[in-house]
Amino acid sequence: MTEFRFLVSNPKMIHSCTMKHFRPISLLLLGLALPAIAADHMQPPVIEATKFPAVEIHEKEHVAIAVEPYDSKEKESIFHVDYLKYDVMPVRLIVTNMGDRPISLRDARILFETAAGDRIQAAEPDDINRMMNPRIHPSTIPIGPIPIKIKPKDNYKQIKEDFDTFEYGALAVEPHTTRAGFLFYDLTGVRNPLKGAHMYLRVLRDADGAELYSFEIPFDKYLQSKSGN
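Here the sequence shown is numbered in this note's numbering, starting from 569 and rising by one per residue.
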């Protein structure tokens, strides 16, 4: 995604296994397992925003927007990378247009607002890769009499795969349609990041270009639903 960017008024500094020695039965079992593995890295089913706990509905504008944080190891297993380990929070954004005309998110500002009021823009693959690999260069360690250079693992390929598969990218939401995808937020240093926080959206427009009212969706609604369950 190139032209779709989320802006912020106060930016935050921001898997070769060899096949030899496998027996035919092993190959067969491996082949049977692959579809199940691939299925793990797929978008969740798209359902209307109104079905989620953390949702804000604008009845007059016929728009509902929901957010769902992927804040557990089990939920984020759909990704190739363990983002939570690096204080990156994947948040699923669900936008439902209940009206008869399209709405535009081309100019949308979609920010994670912490309980302290800091507004954080969604991270890009390069941002996350730098966090996970602060020094992408070989280091020398002694192994026997000869020093061996070991290069740290670069997760960029896996990160990019996740963004290509999961990132929210709909610039428009057609009438009576729901679009969904993920945004990834760097919450380094933020304790209990969801408590008291909001997803803040503004500069969404209707078919005539008029700006819709802003959305401010509290993550406490999501936390309360977890507590209730």
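Just so it is clear, CB atoms sit at the ideal spot from N, CA and C, and this is done for glycine as well.
Item, Value
"Beta carbon of I662 nearer than 9 angstroms to that of T746", "yes"
"Strand pairing of H766, partner residues [DSSP]", "E681 and P786"
"Beta-carbon proximity list for H630, same chain, < 6 angstroms, skipping 5 on both sides", "M666 and G667"
"Sheet register partners of L661 (DSSP bridge)", "V635 and G749"
"Close Cβ partners of S782 (< 6 angstroms) along its chain, the five nearest in sequence each way excluded", "R770"
"Nearest neighbour of N701, chosen from Q689, V649, G685 and F750 [CA to CA]", "V649"
"For G796, three-class secondary structure by DSSP", "helix"
"Of the residues D694, A622 and Y638, the one placed nearest N723, counting alpha carbons only", "D694"
"Whole-angstrom distance between A691 and Q726, CA atom to CA atom", "15 angstroms"
"Cβ pair count under 8 angstroms reaching 3, the segment 610 to 620 against the segment 771 to 778", "no"
"Sheet register partners of R687 (DSSP bridge)", "E681"
"Cβ separation of V614 and I671, assumed to be a contact under 8 angstroms, to the nearest whole Å", "V614 to I671, Cβ: 16 angstroms. No contact."
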